[in-house]
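Student: Have a look at this one before I ask anything.
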Amino acid sequence: MKALEAVVEILKLEGVELLFGYPMNNLIEAAAVGGIRPIIARTEKSLINMADGYSRATNGRKIGVITVQAGPGIENAFGGIAQAFADGTPLLVLPGGGEMSKHGLGGEFDPMPSFRHITKWSARIPSPDRVPVMLRHAFAQLRSGRPGPVMLELPRDVAAIDLSGPLNYTPPAFVRSGGDPEPVRDAAKLLIGANRPVIHVGHGVLWSEATGELRELAELLDAPVVTTIAGKSAFPETHRLSAGAGGLSIAHAAAWALRDCDVVFGIGCSFAQGSFSPPIPPGKTVIHATNDPADLDRHVEADLAIVGDARIVLRQLIEAVHALLSSGHVRASRDAFHSAIEEARQKGVADRHDQNTASTLPINPYRVISEVMRAVNPDETIVTHDSGNPRDQVLPNWVSTSPRGYLGWGKSTQLGTGLGIIMGAKLAHPEKLCINFMGDLAFGTAAIELETAVRERIGTLTILLNNSVMGGYTAYMPTASSTYRSNRLSGDYTAVARGLGAHAERVEQPGDLAGAIARAIQATLGGRPALIEAITKEEPVFLRARDAVLGASH
Ligand SMILES: Cc1ncc(C[n+]2csc(CCOP(=O)(O)OP(=O)(O)O)c2C)c(N)n1
Ligand SMILES: [Mg+2]
1 MKALEAVVEI LKLEGVELLF GYPMNNLIEA AAVGGIRPII ARTEKSLINM
51 ADGYSRATNG RKIGVITVQA GPGIENAFGG IAQAFADGTP LLVLPGGGEM
101 SKHGLGGEFD PMPSFRHITK WSARIPSPDR VPVMLRHAFA QLRSGRPGPV
151 MLELPRDVAA IDLSGPLNYT PPAFVRSGGD PEPVRDAAKL LIGANRPVIH
201 VGHGVLWSEA TGELRELAEL LDAPVVTTIA GKSAFPETHR LSAGAGGLSI
251 AHAAAWALRD CDVVFGIGCS FAQGSFSPPI PPGKTVIHAT NDPADLDRHV
301 EADLAIVGDA RIVLRQLIEA VHALLSSGHV RASRDAFHSA IEEARQKGVA
351 DRHDQNTAST LPINPYRVIS EVMRAVNPDE TIVTHDSGNP RDQVLPNWVS
401 TSPRGYLGWG KSTQLGTGLG IIMGAKLAHP EKLCINFMGD LAFGTAAIEL
451 ETAVRERIGT LTILLNNSVM GGYTAYMPTA SSTYRSNRLS GDYTAVARGL
501 GAHAERVEQP GDLAGAIARA IQATLGGRPA LIEAITKEEP VFLRARDAVL
551 GASH
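Under this note's numbering, the first residue of the sequence shown is numbered 1, with each subsequent residue one higher.
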């Protein structure tokens, strides 16, 4: 068996059903012969975003596997892999490679040095007999610790050589570990005694499928729950303890909870304090539970640190809290805290009411988001945003009800990523309605992939909020905008989408939204992608997390 065929056999033993590929790479043909369906996209970036969405939507139970050409293919792949690394998505990247026998003198692009910093592990397979060993290590990396992309290059001469014996491969197990019992007990004590504790939920809770445990602990502690962008949907946002999500924008209740809490319990989160993470104000008592010790005391100092898988740590905490309560510890009352958070939530509803119901022209983007929300069953829907104002507008307002019903991304914020992510999610869950919201600049970076969706019968629904500008950018480049129109965009995107074979409608009147949404959903049921191009107003209006959580006023 040749090394290339051995790779395919191993992928089959691993249960891989799809190969996200961009020619030329012999693995595409070998996989097809072996019964693995290739999905061919139009750009490497979107291809990787699709694999990323596929891994997310399956919580890594099915890994997005990618293959691209040596040289230009893997050079073009950098953005997508960097995005997956930033957000912690497991991906197996199998680029082609030059000839091993000629390696070391330059001439062909060597991805190892540049990709080492954006992968958990990158290596070159030096000989056919190393294929099973190195792929097993790759899958072990993909199933343990903080998730992230892994890259294995298969040089073209190695691919064509036979293994010296029969293939011997067993898939490695998922490996999870619990927390040190002592800080777990101390954390339970702190959380019971706190007057205003907040649970701050990151992406790790989704990866470890810990929504049930999170809910049990939140109810036991009677503590409000705030999520990060990537953690959104780990806790049902219809639950009375949900305060909502925060990133650059933030739900009013989440801002209030983070500002006024005394103890922050971060679970499955890095506590990275970038522009797209809810800020943690100074002076709080912090408990930090993560599966990656590299997160500890990086941006936020922890009073108590626990390293372990989110689901196991939450279960340990539930047991520790029960033990303390039955031995006479009394949980402090949180009533005043809850009333204050409820008041903030109501203020959020009131602040947004006029925008959600606006019948002014051009259409208010919040009206579009509300109309979409009204038209769908959130339990049967997966939603994602794109970079730009659509993220800031959708994140605090979309009400997610089930795990992965919202795929939040944005530790890096590459425009156009949402389209690939939602296509990958639809491949993982063809039975769900899969919707992405994006702006017109974002659309321009990825729109050609509607053709991929048509060809591969991926029936996603894209809601394009076309305001003909880069929303809010006049503030960043006033002279360039007023003198040179540097923030302005134009185009007939409905014509583009139709030209690519998608169902597409342009909507200029708010009253026409509901009908257009219903027709577009109908089109997706037949496996055809759909686009609604809503002609919208520039509306960079939302509660900014930094001001609301760290500033003086709400
Ligand atoms: C690859 C990349 N380059 C630049 C940016 C910076 N950026 C973020 S949002 C944005 C403008 C987005 O405009 P649009 O997609 O039309 O959405 P709007 O905010 O207008 O609704 C830009 C330039 C980015 N996020 N990603
Ligand atoms: Mg725009």
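Positions of the beta carbon are idealized from the N, C-alpha and C atoms, including for glycine.
Since I believe residue 64 is in contact with residue 38 (beta carbons under 8 Å), could you give me their beta-carbon distance rounded to a whole number of angstroms?
Tutor: Actually they are not in contact, since the Cβ atoms of residue 38 and residue 64 sit about 13 Å apart, beyond 8 Å.
Student: Which value, in whole angstroms, describes the spacing of the CA atoms of residue 341 and residue 347?
Tutor: 10 Å
Student: Can you grab the Cα-Cα spacing for the pair residue 310 / residue 44, in whole Å?
Tutor: 32 Å
Student: Since residue 286 sits in a beta bridge, which residues does DSSP pair it with?
Tutor: Note: residue 286 sits in a beta bridge opposite 264.
Student: Measure the C-alpha to C-alpha separation of residue 5 and residue 116 and round it to an integer number of angstroms.
Tutor: 26 Å
Student: Three or more C-beta pairs closer than 8 Å, one from the region 379-389 and one from the region 422-435: is that the case here?
Tutor: yes
Student: Please list the segments of the beta strand (DSSP E) lying wholly inside the region 66-96, counting only runs of 3 or more residues, in order along the chain.
Tutor: 91-93
Student: Tell me where the alpha helix (DSSP H) around residue 50 begins and ends.
Tutor: Here the alpha helix (DSSP H) through residue 50 covers 44-57.
Student: State the start and end residues of the unbroken alpha helix (DSSP H) segment that holds residue 5.
Tutor: 3-13
Student: Once the 5 residues before and after residue 251 are set aside, which same chain residues still bring their CB inside 7 Å of it?
Tutor: 243, 244, 245, 348 and 396
Student: What residue does the beta strand (DSSP E) around residue 190 start on, and which one ends it?
Tutor: Taken as a continuous stretch (DSSP letters only), residue 190 belongs to no beta strand (DSSP E), being part of the alpha helix (DSSP H) at 181-193.
Student: If residue 81 sits next to residue 48, beta carbons under 8 Å apart, how far is it from one beta carbon to the other, in whole angstroms?
Tutor: 6 Å
Student: Across the region 348-365 and the region 207-215, are there enough close Cβ pairs to call them in contact, namely three or more that are closer than 8 Å?
Tutor: no
Student: Specify, as a first and last residue, the run of the alpha helix (DSSP H) that residue 311 falls within.
Tutor: 310-326
Student: I'd like the list of long-range same chain contacts for residue 128, defined as Cβ closer than 8 Å, with 5 residues on each side in sequence excluded.
Tutor: 2, 3, 6, 158, 161, 162, 163 and 164
Student: Quick one: grab the DSSP three-state call for residue 398.
Tutor: coil
Student: Quick check: residue 31 and residue 11, are their CB atoms within less than 8 Å of each other?
Tutor: yes
Student: Taking 8 Å as the threshold (C-beta atoms), are residue 375 and residue 287 in contact?
Tutor: No, the pair does not count as a contact, with Cβ atoms beyond the cut-off.
Student: Answer yes or no: the CB of residue 470 versus the heavy atoms of ligand 2, is any distance below 7 Å?
Tutor: Checking every heavy atom of ligand 2 against the Cβ of residue 470, one is found closer than 7 Å.
Student: Do residue 411 and residue 173 have their CB atoms nearer than 8 Å?
Tutor: no
Student: Answer with buried or exposed for residue 24, where buried requires no fewer than 16 other C-beta atoms within 10 angstroms of its C-beta.
Tutor: exposed
Student: In whole angstroms, give me the CA-to-CA distance for residue 440 and residue 493.
Tutor: 8 Å
Student: Work out the CA separation of residue 70 and residue 547 for me, nearest whole Å.
Tutor: 46 Å
Student: With a cut-off of 8 Å on the beta carbons, I'd call residue 534 and residue 464 a contact; round off their distance for me.
Tutor: 7 Å
Student: Could you check how far apart the C-beta atoms of residue 378 and residue 206 are, in whole angstroms? I think they sit under 8 Å.
Tutor: In fact, because the Cβ distance is near 16 Å, the residues do not count as touching under 8 Å.
Student: In chain order, what residues of the same chain have a beta carbon less than 7 Å from the beta carbon of residue 496, not counting five sequence neighbours either side?
Tutor: 447
Student: When every heavy atom of ligand 1 is checked, does at least one fall within less than 7 Å of the C-beta of residue 387?
Tutor: The answer is yes for residue 387.
Student: Run the proximity test for residue 211: is its beta-carbon closer than 7 Å to any non-hydrogen atom belonging to ligand 1?
Tutor: no
Student: Would a C-beta distance cut-off of 8 Å place residue 536 and residue 436 closer than the cut-off?
Tutor: no
Student: Heavy atom of ligand 2 less than 7 Å from the Cβ of residue 266, yes or no?
Tutor: no
Student: Hey, which unbroken runs of the beta strand (DSSP E) at 3 residues or more fall wholly within the region 435-503?
Tutor: 461-466
Student: Is it buried or exposed, residue 291, if we count other Cβ atoms within 10 angstroms and call 16 or more buried?
Tutor: Under a 10 Å Cβ-count criterion, residue 291 is classified as buried, with 16 or more other Cβ atoms of the shown protein chains found around its own Cβ.
Student: Specify the secondary structure class of residue 409 as computed by DSSP and reduced to three states.
Tutor: coil
Student: Pull the bridge partners of residue 293 from the DSSP assignment, please.
Tutor: In DSSP, residue 293 forms no bridge with anything.
Student: According to DSSP, is residue 534 part of a helix, a strand, or is it coil?
Tutor: strand
Student: Should residue 53 and residue 90 be called a contact, given that it needs their Cβ atoms to be closer than 8 Å?
Tutor: no
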